[in-house]
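Going by numbering that gives the first Met the number 0, the first residue of the sequence shown is number 0, and it counts up by one from there.
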Amino acid sequence: MTQRIAFQGEPGAYSDQACREARPDMEPLPCRNFEDAIEAVRSGVAELAMLPVENSTYGRVADIHRLLPDSGLRIVDEAFVRVHISLMALPGVQIEELKSVRAHLVLLPQAQSFLSQYGIRGEAAADSAGAAAELAASGARDQGVLASDLAADLHGLHILARHIEDHAHNTTRFLIMGRDPDMSRRGTHGMMTTFIFQVRNIPAALYKAMGGFATNGVNMTKLESYMVGGSFTATQFYADIEGHPDDPAVDRALEELDYFTDMLEILGVYPRDPRRD
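Structure below.
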(Lines of atoms letter the chains of each structure in order from A and count residues from 1; the text may use other names and numbers.)
(Lines give C-alpha, C1' and ligand atoms only; values in the text may rest on other atoms or scores of the structure.)
Protein backbone atom coordinates (compact mmCIF):
# COMPACT_ATOMS: atom_id res chain seq x y z
CA MET A 1 0.00 0.00 0.00
CA THR A 2 1.30 3.47 -0.95
CA GLN A 3 2.40 5.55 2.00
CA ARG A 4 0.92 9.02 2.45
CA ILE A 5 2.41 12.43 3.09
CA ALA A 6 -0.01 14.97 4.55
CA PHE A 7 -0.14 18.67 3.69
CA GLN A 8 -2.37 21.65 4.43
CA GLY A 9 -4.44 22.86 1.49
CA GLU A 10 -6.23 21.70 -1.62
CA PRO A 11 -4.80 19.48 -4.38
CA GLY A 12 -2.50 21.62 -6.49
CA ALA A 13 -1.28 23.79 -3.61
CA TYR A 14 2.42 24.62 -3.40
CA SER A 15 2.57 22.25 -0.41
CA ASP A 16 1.18 19.54 -2.69
CA GLN A 17 3.91 20.39 -5.20
CA ALA A 18 6.50 20.10 -2.41
CA CYS A 19 5.17 16.63 -1.51
CA ARG A 20 5.33 15.40 -5.10
CA GLU A 21 8.85 16.72 -5.64
CA ALA A 22 10.35 15.57 -2.33
CA ARG A 23 8.50 12.25 -1.99
CA PRO A 24 7.35 11.17 -5.49
CA ASP A 25 6.77 7.62 -4.25
CA MET A 26 4.18 8.74 -1.68
CA GLU A 27 0.53 9.75 -2.02
CA PRO A 28 -0.15 13.40 -1.11
CA LEU A 29 -2.94 13.71 1.47
CA PRO A 30 -4.70 17.13 1.54
CA CYS A 31 -5.75 18.35 4.99
CA ARG A 32 -7.94 21.23 6.16
CA ASN A 33 -5.28 22.88 8.33
CA PHE A 34 -1.82 22.35 9.82
CA GLU A 35 -3.25 20.68 12.91
CA ASP A 36 -5.02 18.07 10.77
CA ALA A 37 -1.83 17.37 8.82
CA ILE A 38 0.08 16.83 12.06
CA GLU A 39 -2.69 14.63 13.49
CA ALA A 40 -2.69 12.51 10.31
CA VAL A 41 0.90 11.53 11.09
CA ARG A 42 0.35 11.08 14.82
CA SER A 43 -2.61 8.76 14.18
CA GLY A 44 -0.84 6.74 11.50
CA VAL A 45 -3.09 7.86 8.62
CA ALA A 46 0.04 9.35 7.01
CA GLU A 47 3.73 8.60 7.45
CA LEU A 48 4.97 12.16 6.97
CA ALA A 49 3.71 15.76 6.98
CA MET A 50 4.95 18.57 4.74
CA LEU A 51 4.80 21.88 6.64
CA PRO A 52 5.88 25.30 5.32
CA VAL A 53 7.94 27.28 7.82
CA GLU A 54 9.22 30.33 5.96
CA ASN A 55 9.14 32.20 2.68
CA SER A 56 12.02 34.23 1.27
CA THR A 57 9.71 37.18 0.59
CA TYR A 58 7.24 37.12 3.49
CA GLY A 59 9.17 35.55 6.34
CA ARG A 60 7.93 32.85 8.68
CA VAL A 61 4.60 31.10 8.29
CA ALA A 62 2.20 32.02 11.08
CA ASP A 63 1.37 29.35 13.70
CA ILE A 64 3.99 26.81 12.63
CA HIS A 65 6.51 27.63 15.37
CA ARG A 66 3.71 27.37 17.93
CA LEU A 67 2.59 23.98 16.63
CA LEU A 68 5.95 22.24 16.16
CA PRO A 69 7.02 21.88 19.83
CA ASP A 70 3.73 20.28 20.89
CA SER A 71 3.24 18.18 17.77
CA GLY A 72 5.14 15.17 19.07
CA LEU A 73 6.72 14.87 15.60
CA ARG A 74 10.32 15.27 14.55
CA ILE A 75 11.90 16.91 11.51
CA VAL A 76 13.34 14.29 9.16
CA ASP A 77 14.09 16.47 6.10
CA GLU A 78 13.79 19.95 4.63
CA ALA A 79 12.55 20.88 1.15
CA PHE A 80 12.60 24.07 -0.89
CA VAL A 81 10.01 25.02 -3.50
CA ARG A 82 10.47 27.89 -5.92
CA VAL A 83 7.13 29.73 -5.94
CA HIS A 84 6.27 30.22 -9.61
CA ILE A 85 2.92 31.95 -10.05
CA SER A 86 0.79 31.24 -13.11
CA LEU A 87 -2.34 33.03 -14.29
CA MET A 88 -5.01 30.53 -15.30
CA ALA A 89 -8.58 30.60 -16.56
CA LEU A 90 -11.12 28.37 -18.25
CA PRO A 91 -10.07 26.86 -21.58
CA GLY A 92 -10.63 29.31 -24.46
CA VAL A 93 -10.64 32.42 -22.27
CA GLN A 94 -8.27 35.23 -23.29
CA ILE A 95 -6.48 37.45 -20.81
CA GLU A 96 -8.37 40.50 -22.09
CA GLU A 97 -11.64 38.94 -20.90
CA LEU A 98 -10.55 38.79 -17.28
CA LYS A 99 -11.92 41.35 -14.83
CA SER A 100 -10.57 39.77 -11.65
CA VAL A 101 -8.33 37.01 -10.35
CA ARG A 102 -8.56 35.09 -7.09
CA ALA A 103 -5.67 33.80 -5.00
CA HIS A 104 -4.51 33.43 -1.43
CA LEU A 105 -4.06 36.81 0.23
CA VAL A 106 -0.29 36.31 0.45
CA LEU A 107 0.02 35.43 -3.25
CA LEU A 108 -1.78 38.46 -4.71
CA PRO A 109 0.88 41.10 -3.87
CA GLN A 110 3.57 38.87 -5.36
CA ALA A 111 2.12 39.40 -8.85
CA GLN A 112 0.93 42.99 -8.43
CA SER A 113 3.03 44.41 -11.28
CA PHE A 114 1.55 41.96 -13.78
CA LEU A 115 -2.01 42.51 -12.59
CA SER A 116 -1.61 46.29 -12.77
CA GLN A 117 -0.27 46.04 -16.30
CA TYR A 118 -3.48 44.37 -17.46
CA GLY A 119 -5.83 46.24 -15.13
CA ILE A 120 -6.98 43.05 -13.43
CA ARG A 121 -8.45 43.26 -9.93
CA GLY A 122 -7.18 40.86 -7.28
CA GLU A 123 -9.60 39.16 -4.88
CA ALA A 124 -8.49 37.22 -1.80
CA ALA A 125 -9.35 33.52 -1.53
CA ALA A 126 -8.83 31.11 1.34
CA ASP A 127 -6.62 28.91 -0.84
CA SER A 128 -5.19 29.42 -4.33
CA ALA A 129 -5.56 25.78 -5.38
CA GLY A 130 -9.06 25.78 -3.93
CA ALA A 131 -9.85 28.88 -5.99
CA ALA A 132 -8.71 26.96 -9.08
CA ALA A 133 -11.12 24.12 -8.26
CA GLU A 134 -13.96 26.61 -7.68
CA LEU A 135 -13.29 28.36 -10.98
CA ALA A 136 -13.37 25.07 -12.88
CA ALA A 137 -16.75 24.30 -11.31
CA SER A 138 -18.25 27.78 -11.73
CA GLY A 139 -17.67 28.32 -15.45
CA ALA A 140 -16.95 32.03 -14.92
CA ARG A 141 -15.23 33.37 -18.04
CA ASP A 142 -14.37 36.79 -16.63
CA GLN A 143 -12.41 35.40 -13.70
CA GLY A 144 -8.93 33.95 -13.37
CA VAL A 145 -6.81 32.40 -10.64
CA LEU A 146 -3.20 32.78 -9.55
CA ALA A 147 -1.77 29.42 -8.55
CA SER A 148 0.77 26.75 -9.47
CA ASP A 149 1.00 24.94 -12.80
CA LEU A 150 0.05 21.81 -10.87
CA ALA A 151 -3.28 23.39 -9.86
CA ALA A 152 -4.05 24.17 -13.51
CA ASP A 153 -3.24 20.59 -14.56
CA LEU A 154 -5.34 19.01 -11.81
CA HIS A 155 -8.39 21.20 -12.38
CA GLY A 156 -8.35 21.43 -16.17
CA LEU A 157 -7.58 25.14 -16.45
CA HIS A 158 -5.67 26.92 -19.21
CA ILE A 159 -2.48 28.79 -18.30
CA LEU A 160 -2.46 32.30 -19.79
CA ALA A 161 0.89 33.43 -18.34
CA ARG A 162 3.67 31.74 -16.38
CA HIS A 163 6.19 33.03 -13.84
CA ILE A 164 4.47 36.37 -13.27
CA GLU A 165 5.78 36.81 -9.72
CA ASP A 166 7.50 40.13 -8.99
CA HIS A 167 10.44 38.58 -7.11
CA ALA A 168 12.59 36.05 -8.95
CA HIS A 169 13.96 34.63 -5.68
CA ASN A 170 10.58 33.76 -4.12
CA THR A 171 11.07 30.40 -2.39
CA THR A 172 9.28 28.56 0.41
CA ARG A 173 11.09 26.29 2.84
CA PHE A 174 9.24 23.24 4.12
CA LEU A 175 9.96 20.84 6.95
CA ILE A 176 9.14 17.17 6.49
CA MET A 177 7.89 15.78 9.79
CA GLY A 178 7.70 12.17 10.94
CA ARG A 179 6.90 10.25 14.11
CA ASP A 180 10.44 9.03 14.78
CA PRO A 181 13.77 10.88 14.66
CA ASP A 182 16.68 9.44 12.71
CA MET A 183 20.04 10.51 14.13
CA SER A 184 22.04 7.99 12.08
CA ARG A 185 22.02 9.77 8.71
CA ARG A 186 24.79 11.94 7.32
CA GLY A 187 23.88 14.16 4.38
CA THR A 188 26.11 14.64 1.35
CA HIS A 189 25.79 18.42 1.76
CA GLY A 190 26.04 18.43 5.56
CA MET A 191 23.48 18.26 8.33
CA MET A 192 21.05 20.64 10.04
CA THR A 193 19.86 20.59 13.64
CA THR A 194 16.71 22.41 14.76
CA PHE A 195 15.89 23.03 18.41
CA ILE A 196 13.85 25.21 20.74
CA PHE A 197 14.93 26.62 24.08
CA GLN A 198 14.04 29.03 26.86
CA VAL A 199 16.81 30.96 28.56
CA ARG A 200 17.15 31.23 32.33
CA ASN A 201 16.04 34.45 33.98
CA ILE A 202 19.51 35.89 34.53
CA PRO A 203 21.18 38.99 33.05
CA ALA A 204 22.55 38.55 29.50
CA ALA A 205 21.42 34.91 29.42
CA LEU A 206 20.73 34.89 25.66
CA TYR A 207 24.06 36.55 24.89
CA LYS A 208 25.90 34.01 27.00
CA ALA A 209 23.91 31.10 25.58
CA MET A 210 24.78 32.10 22.00
CA GLY A 211 28.47 32.50 22.83
CA GLY A 212 29.10 28.76 22.63
CA PHE A 213 28.14 28.66 18.95
CA ALA A 214 30.49 31.51 18.08
CA THR A 215 33.48 30.17 20.01
CA ASN A 216 33.02 26.67 18.56
CA GLY A 217 32.56 27.88 14.98
CA VAL A 218 28.99 26.56 14.60
CA ASN A 219 26.95 28.45 12.01
CA MET A 220 23.48 29.44 13.23
CA THR A 221 21.29 30.07 10.19
CA LYS A 222 18.12 31.01 12.05
CA LEU A 223 17.13 32.37 15.46
CA GLU A 224 13.59 33.53 16.16
CA SER A 225 11.74 34.38 19.36
CA TYR A 226 8.05 34.15 20.18
CA MET A 227 5.95 34.40 23.30
CA VAL A 228 4.59 31.33 25.05
CA GLY A 229 1.65 31.00 27.39
CA GLY A 230 0.40 34.51 26.66
CA SER A 231 3.16 36.05 28.75
CA PHE A 232 5.28 39.03 27.71
CA THR A 233 8.16 37.73 29.84
CA ALA A 234 8.18 34.05 28.83
CA THR A 235 10.03 33.88 25.52
CA GLN A 236 10.85 30.76 23.57
CA PHE A 237 13.51 30.64 20.87
CA TYR A 238 13.58 28.57 17.69
CA ALA A 239 16.98 27.95 16.08
CA ASP A 240 18.56 26.18 13.10
CA ILE A 241 22.26 25.38 13.09
CA GLU A 242 24.52 23.63 10.63
CA GLY A 243 25.93 20.36 11.89
CA HIS A 244 25.01 17.22 13.83
CA PRO A 245 24.79 16.95 17.65
CA ASP A 246 27.47 14.25 17.49
CA ASP A 247 29.94 16.69 15.93
CA PRO A 248 32.38 17.75 18.67
CA ALA A 249 31.89 21.49 17.99
CA VAL A 250 28.09 21.20 18.01
CA ASP A 251 28.16 19.01 21.11
CA ARG A 252 30.20 21.62 22.99
CA ALA A 253 27.96 24.48 21.82
CA LEU A 254 24.78 22.67 22.87
CA GLU A 255 26.31 21.78 26.24
CA GLU A 256 27.07 25.45 26.87
CA LEU A 257 23.60 26.44 25.70
CA ASP A 258 22.02 23.93 28.08
CA TYR A 259 23.73 25.59 31.04
CA PHE A 260 21.91 28.87 30.39
CA THR A 261 18.48 27.41 29.59
CA ASP A 262 15.45 26.19 31.52
CA MET A 263 14.36 24.09 28.54
CA LEU A 264 16.17 22.74 25.48
CA GLU A 265 14.57 20.34 23.03
CA ILE A 266 15.91 19.12 19.69
CA LEU A 267 13.13 19.02 17.09
CA GLY A 268 15.10 17.34 14.37
CA VAL A 269 18.46 16.38 12.86
CA TYR A 270 18.29 16.09 9.08
CA PRO A 271 20.32 16.41 5.85
CA ARG A 272 21.05 19.94 4.67
CA ASP A 273 19.26 20.65 1.38
CA PRO A 274 21.74 21.76 -1.34
CA ARG A 275 19.19 24.36 -2.51
CA ARG A 276 20.08 26.40 0.55
CA ASP A 277 23.04 27.59 -1.53
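Note that the Cβ used here is the ideal one computed from N, Cα and C, for glycine as well.
Please read all numbers here as calculations on a predicted model, not as lab measurements.
CA-CA distance, A5 to M49, rounds to 6 Å. With respect to the 8 Å criterion, G211 and L256 are classified as neighbours on the basis of their beta carbons. Here the alpha carbon of G118 sits roughly 39 Å from the alpha carbon of D272. Note that the C-beta distance between G129 and E26 is not below 8 Å. Under DSSP, A36 forms no beta bridge with any residue. With a minimum length of 4 residues, the unbroken runs of alpha helix (DSSP H) contained wholly in the segment 142 to 170 fall at 148 to 154.
Here E9 carries a coil assignment [DSSP, helix/strand/coil]. Going by DSSP, S112 is part of the alpha helix (DSSP H) stretching over 111 to 117. At least 8 Å separates the beta-carbon of Q7 from that of A39. Going by C-alpha positions, V249 is about 12 Å away from T193. Residue environment for P51: buried (at least 16 other C-beta atoms within 10 angstroms of its C-beta). In chain order, V198, R199, A204, K207, A208 place their CB closer than 7 Å to the CB of F259, counting only its own chain and leaving out the 5 sequence neighbours on each side.
The three-state reading of DSSP puts H188 in coil, since its state is none of H, G, I, E or B. Relative to E164, the option among R251, Y237, L145 whose CA is nearest is L145.
Residue nearest to M191 within the set N54, L266, Y225 is L266 (criterion: CA-CA distance).
Excluding the 5 residues flanking it on each side, K98 has same chain C-beta neighbours closer than 6 Å at D141, in chain order. Beta bridge pairing from DSSP links M226 with T234. With contacts defined as CB atoms closer than 8 Å, L72 and M176 qualify as a contacting pair. For R178 and A78, the gap between their C-alpha atoms comes out near 18 Å.
V82 and T170 do touch by the CB rule: their CB atoms are close to 6 Å apart, below 8 Å.
From the listed residues L86, D24, D276, G11, the smallest Cα separation to R172 is found for D276.
The beta carbons of S224 and T234 sit about 5 Å from each other, so the pair counts as a contact at 8 Å.
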